[in-house]
Amino acid sequence: MSEDTNKSAGGLLSDALGNVSGLVRSEVDLARAEISENLTKAGVAVGLIAGAAIIALVALNVLAAALVAALTEAGIDAGWSALIVGAILAIVAFVLMGKGINDLKLSSLAPTRTVKNVQRDAAAVKDAYDDK
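Pasting the structure below:
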């Protein structure tokens, strides 16, 4: 008889617990790595938002003045020129902010690979012990 058929229930339970323990450890390590990677992406997204804000503030004065002057020269009243320029710049800032906020949503930070691995591993363990 082979060694596998002679194992006691205690031995089988010990093997199963050892396998589950190793599996849990590896999944926790994967979750840590994935969360760290996602937090790095979040940091980059925050940097994008900050960069967009700084560029918008620096460029706003120069571009706004130049555009208002150009529209005024084209025959549009100075007040309307300023309103048009302000609206266009506000739309650009809104788009940049939306992109940054979208990159920071919690669903994009979740450890999806780990969740899939845990589900796959649980199904494999269930199948292995259902077959016996």
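As numbered in the working numbering, residues 1358 to 1489 make up the sequence shown, in order. All residues carry an ideal CB built from backbone N, CA and C; glycine is no exception.
{"Asked": "From GLY1379, LYS1398, ALA1444 and SER1371, residue whose alpha carbon lies closest to that of ASN1459", "Found": "LYS1398"}
{"Asked": "Opening and closing residue of the alpha helix (DSSP H) in which LEU1370 lies", "Found": "1366–1430"}
{"Asked": "Same chain only: Cβ atoms within 8 Å of ASN1474, ignoring 5 sequence neighbours per side", "Found": "GLU1384 and LEU1387"}
{"Asked": "Span separating the alpha-carbon of SER1359 from that of LEU1369", "Found": "Model confidence at SER1359 stands at a pLDDT of 49, short of 50, so the residue's coordinates are unreliable; what they give is reported in the following sentence. Going by the C-alpha atoms only, they are around 14 Å apart."}
{"Asked": "Alpha carbon of ASN1376 to alpha carbon of ASP1478, nearest angstrom", "Found": "11 Å"}
{"Asked": "Nearest-angstrom Cα separation, counted from ALA1480 out to LEU1374", "Found": "16 Å"}
{"Asked": "8 Å Cβ cutoff met for SER1438 and LEU1428", "Found": "yes"}
{"Asked": "VAL1452 versus ILE1406 - alpha carbon distance", "Found": "11 Å"}
{"Asked": "Backbone CA spacing between SER1371 and PRO1468 [nearest angstrom]", "Found": "30 Å"}
{"Asked": "Within 8 Å, strictly: CB atoms of ALA1413 and VAL1425", "Found": "no"}
{"Asked": "C-alpha gap between ARG1382 and MET1454, whole angstroms", "Found": "39 Å"}
{"Asked": "Buried or exposed (CB count within 10 angstroms, at least 16 for buried), ALA1366", "Found": "exposed"}
{"Asked": "Distance, GLU1394 Cα to VAL1419 Cα", "Found": "38 Å"}
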